[in-house]
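In my numbering, the protein residues as written are 3 to 133. Comments concern the structure below.
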């Protein structure tokens, strides 16, 4: 499920100037003493982990317009691999010294983001390049 437009706009506002937002996925930390909500914003140049103020939402992903990112928690090189996705207790990824739980519907996003950098020749052509 795509994140709401207000969330994407706020992510763009927190990115360094000139970076092109490619993917966003909600994640929950699994390595903190307490659960924390994050958005992982993947651009053409970096991977930004953004902290959020979570609120309850009827949406299946639990994210709504009120779950706006508040700050960039960490920034990693775009050459940082997000996968592989582990499925031992739900979908999870480990990078930057942290473990993040993600909804299974975002596994394709993680795979696409990694493929774009590490095996771009295997990507299919964009069916809607004008969007």
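By construction, the Cβ of each residue, glycine as well, lies at the ideal position given by its N, Cα and C atoms. What you are looking at is a predicted structure, and each value in this text was computed from that prediction instead of being measured.
Per DSSP, the unbroken alpha helix (DSSP H) holding residue 118 starts and ends at 109-120. Note: residue 92 is bridge-paired with 90 in the DSSP secondary-structure output. Residue range 7-16 is occupied by the alpha helix (DSSP H) that includes residue 15, with no beta strand (DSSP E) assigned at that position. Of the other Cβ atoms in all chains shown, fewer than 16 fall within 10 Å of the Cβ of residue 133; this residue is therefore exposed. In the DSSP secondary-structure assignment, residue 79 is bridged to 48. Looking at the DSSP output, residue 28 shares a beta bridge with 41. Beta-bridge partners of residue 54 (DSSP): 71.
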